[in-house]
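Add 1 to the 1-based position in the sequence shown for our numbering, that's all there is to it. Report on the structure given below.
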Amino acid sequence: MKIVHVTWMFTFGGIETMLVNICNEQIKLGHDVHLIVMEDSTVESTLYDSLDKRIKLHYGHRKNGANLLLPMLRLNYLLYELHPNVIHIHSSSMYKLILVPWHKKITNATLHALPKPKNTQSIDLVPRVFAISDSVRRALLAYNGTESICNPNGIRPELIKQRQSGDWKDMLQIVQVGRLDHDDKGQHILIQAGAELLKRGYHNFMINFIGDGSSRPYLEGMVQKSGLGQNVTFHGMKSQSYIFEHVCDYDVFVQPSIREGFGNTVAEAMAAKVAVVVSSGQGPEEVIDYGKYGYVFKNGNPIDCADKLEVFLKHENDQQQVEAAYKRVLDLYDIKVTVKTYLDKYKRR
2 MKIVHVTWMF TFGGIETMLV NICNEQIKLG HDVHLIVMED STVESTLYDS LDKRIKLHYG
62 HRKNGANLLL PMLRLNYLLY ELHPNVIHIH SSSMYKLILV PWHKKITNAT LHALPKPKNT
122 QSIDLVPRVF AISDSVRRAL LAYNGTESIC NPNGIRPELI KQRQSGDWKD MLQIVQVGRL
182 DHDDKGQHIL IQAGAELLKR GYHNFMINFI GDGSSRPYLE GMVQKSGLGQ NVTFHGMKSQ
242 SYIFEHVCDY DVFVQPSIRE GFGNTVAEAM AAKVAVVVSS GQGPEEVIDY GKYGYVFKNG
302 NPIDCADKLE VFLKHENDQQ QVEAAYKRVL DLYDIKVTVK TYLDKYKRR
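Quick look at the structure:
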């Protein structure tokens with residue numbers, strides 16, 4: 002099967018990392034896989050290096066903010082030349098750029114986040130839509146009535162080093178991995194929870210942020226104002242391989258997102274046998290089966306987040322939960338399962 006994936010950008014992020022894993026797994030299964038990146042300048046070298054070299058990369062030659070006419074013609078030329086069996090777009094707004102009726106008919110789209118105007122353009126016109134979690138599927142249906150197929154994101158658990166020790170000692174190491182964008186990712190909630198723990202008399206914890214983004218100056222300012230200078234570290238951007246090797250060094254993984262469709266990093270922490278604490282009402286809570294495989298705090302509530310972290314500081318956390326969470330990831334969130342579902346659905350017209 003010849004599969005052509007199309008994305009606007011190829012920068013370091015959850016969607017792009019997921020796309021690499023999907024492409025690599027599909028070509029491993031013997032399919033002819035192509036990737037079209039519309040904005041050439043966004044190709045991140047570390048992502049490019051992680052692509053299987055058998056995957057053919059093509060460029061749409063669009064400059065950010067430029068007119069779409071020439072890139073649209075380029076895209077349709079590439080699709081004509083490649084003659085794919087399947088087109089898989091990773092932004093529904095691309096559907097309007099595809100001109101040939103047959104190409105439109107074989108197009109699939111994945112909604113990689115909770116729906117909003119920017120990421121749902123033309124989504125109701127796409128023949129087959131996938132949602133990365135049941136939370137996203139239900140939200141899309143409520144948002145504009147579009148039906149979609151739930152196909153949860155997958156990770157590569159075999160690449161993730163596992164935590165060996167049981168309970169923590171001396172200093173509780175808390176980690177949060179992701180783009181520093183507090184409006185969506187909620188890192189400020191975790192900082193406020195840390196300040197609350199200080200008020201309660203706890204000083205033996207360290208909050209580690211792995212990732213970078215536009216909110217970093219704001220978050221660093223919050224840390225200083227909260228008196229958390231000795232309890233928070235910003236490690237900056239790290240490669241996926243670094244995260245897979247080192248997430249096991251931490252005791253608790255926290256995902257404080259305000260809006261999150263799935264939460265790949267939550268599943269990765271579970272695969273590393275690290276306990277997880279997530280915000281309520283969306284993808285990450287679904288990943289831990291609504292509290293069965295991790296701890297849930299009320300979305301946007303730093304006091305409740307602090308309450309859950311205090312469970313660990315008191316050594317009262319359920320250590321058996323971690324092993325059960327690891328098994329859940331192997332059963333439901335392995336990239337092999339995700340790709341199998343995509344391939345099965347591609348074949349159905």
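We put the beta carbon where it would ideally sit given N, CA and C, even for glycine.
Is the CB-CB distance between Ala326 and Tyr347 below 8 Å? Here residue 326 refers to the residue found at position 325 when the sequence shown is read from its first residue. Here residue 347 refers to the residue found at position 346 when the sequence shown is read from its first residue. No, these two residues do not count as a Cβ contact at 8 Å.
Just the Cα atoms here: how many angstroms apart are Val7 and Leu344? The residue you call residue 7 lines up with position 6 of the sequence shown. The residue you call residue 344 lines up with position 343 of the sequence shown. Approximately 16 Å between the Cα atoms of the pair.
Between Ala270 and the rest of its own chain, which residues show a CB-CB distance below 7 Å, the 5 nearest in sequence each way excluded? Position 269 of the sequence shown holds residue 270. Val248, Phe254, Val277.
Nearest-angstrom beta carbon gap, His35 and Leu83 [assumed within contact, 8 Å]: On the sequence shown, residue 83 is found 82 positions in, with the first residue counted as 1. On the sequence shown, residue 35 is found 34 positions in, with the first residue counted as 1. Indeed they touch by this definition, with Cβ atoms about 6 Å apart.
Span of the beta strand (DSSP E) around Phe206: Numbered from 1 along the sequence shown, position 205 holds the residue referred to as residue 206. Segment 206–211, the beta strand (DSSP E) holding Phe206.
Tell me where the beta strand (DSSP E) around Gln283 begins and ends. Locating residue 283 in the sequence shown gives position 282, where the first residue counts as 1. That residue, Gln283, is in no beta strand (DSSP E); it is neither H nor E in DSSP.
Roughly how many angstroms lie between the CA atoms of Ile336 and Glu40, to the nearest whole one? For the purposes of this step, residue 336 is taken as the residue at position 335 of the sequence shown. For the purposes of this step, residue 40 is taken as the residue at position 39 of the sequence shown. The alpha-carbon atoms of Ile336 and Glu40 are separated by roughly 26 Å.
Locate the alpha helix (DSSP H) running through Tyr219, then write down its first and last residues. Here residue 219 refers to the residue found at position 218 when the sequence shown is read from its first residue. That run of the alpha helix (DSSP H) goes 217–226.
Under 8 Å: do the stretch 227–236 and the stretch 102–111 share three or more Cβ pairs, one atom per stretch? no
Excluding sequence positions up to five away, which residues of its chain have a Cβ less than 7 Å from the Cβ of Leu100? Along the sequence shown, one-based indexing puts residue 100 at 99. These residues qualify, in order along the chain: Asn77.
Closer than 8 Å is the cut-off here; do at least three beta carbon pairs connect the stretch 127–137 with the stretch 293–311? no
Name the residue from Val323, Ala67, Asp53, Val279 whose alpha carbon lies nearest to the alpha carbon of Leu310. Within the sequence shown, numbered from 1, the residue matching residue 310 stands at position 309. Comparing Cα-Cα distances from Leu310 to each of Val323, Ala67, Asp53, Val279, the minimum goes to Val279.
Can you check which of these residues, Lys57, Glu261, Leu69, is closest to Pro285 by C-alpha distance? What you label residue 285 is simply residue 284 of the sequence shown in a count that begins at 1. Checked all of Lys57, Glu261, Leu69; the closest Cα to Pro285 is Glu261.
When you compare each of Tyr96, Gln188, Ser227, Leu142 to Pro116 by their alpha carbons, which one comes out closest? Residue mapping note: residue 116 aligns to position 115 of the sequence shown, counting from 1. With distances taken between Cα atoms, Pro116 lies closest to Leu142.
Which residues bound the beta strand (DSSP E) around Ile37? For this step, residue 37 is matched to residue 36 along the sequence shown. That run of the beta strand (DSSP E) goes 33–38.
In or out: Ala268 buried (at least 16 other Cβ within 10 Å) or exposed? The residue given as residue 268 occupies position 267 in the sequence shown. Its Cβ being crowded by 16 or more others within 10 Å, Ala268 is buried.
Can you name the residues that DSSP bridges to Arg329? The sequence position of residue 329 within the sequence shown is 328, counting from 1. None; Arg329 has no bridge partner.
Evaluate Pro118 with the Cβ neighbour count: other Cβ atoms within 10 Å of its Cβ, from every protein chain shown; 16 or more gives buried, anything less gives exposed. As a first step, residue 118 is located in the sequence shown; it is residue number 117 there, counting from the start. Pro118 is exposed by the Cβ-count criterion.
Hey, which unbroken runs of the alpha helix (DSSP H) at 4 residues or more fall wholly within the stretch 118–185? 135–145
Would Ile208 pass as a contact of Ile175 if the rule is Cβ separation under 8 Å? On the sequence shown, residue 208 is found 207 positions in, with the first residue counted as 1. On the sequence shown, residue 175 is found 174 positions in, with the first residue counted as 1. Their beta carbons are under 8 Å apart, which means Ile208 touches Ile175 by this criterion.
In whole angstroms, what separates the C-alpha of Val297 from that of Glu287? The residue given as residue 297 occupies position 296 in the sequence shown. The residue given as residue 287 occupies position 286 in the sequence shown. Rounded to the nearest angstrom, the two C-alpha atoms are 10 Å apart.
Determine the DSSP secondary structure at Gln256, reduced to helix, strand or coil. Position 255 of the sequence shown, counting from 1, holds the residue named residue 256. Strand.
Sequence-distant residues of the same chain with beta carbon closer than 8 Å to Leu333, five excluded per side: To locate residue 333, count along the sequence shown from 1; it is residue 332. Same-chain partners within the cutoff: Pro153.
Under a Cβ-count criterion, where at least 16 other Cβ atoms within 10 Å of its own Cβ denotes burial, should Ser92 be classed as buried or exposed? Here residue 92 refers to the residue found at position 91 when the sequence shown is read from its first residue. Answer is buried; the Cβ neighbour count reaches 16.
Taking the alpha-carbon positions, what's the Tyr60 to Met73 distance? Indexing the sequence shown from 1 puts residue 60 at position 59. Indexing the sequence shown from 1 puts residue 73 at position 72. Those two C-alpha atoms are separated by around 12 Å.
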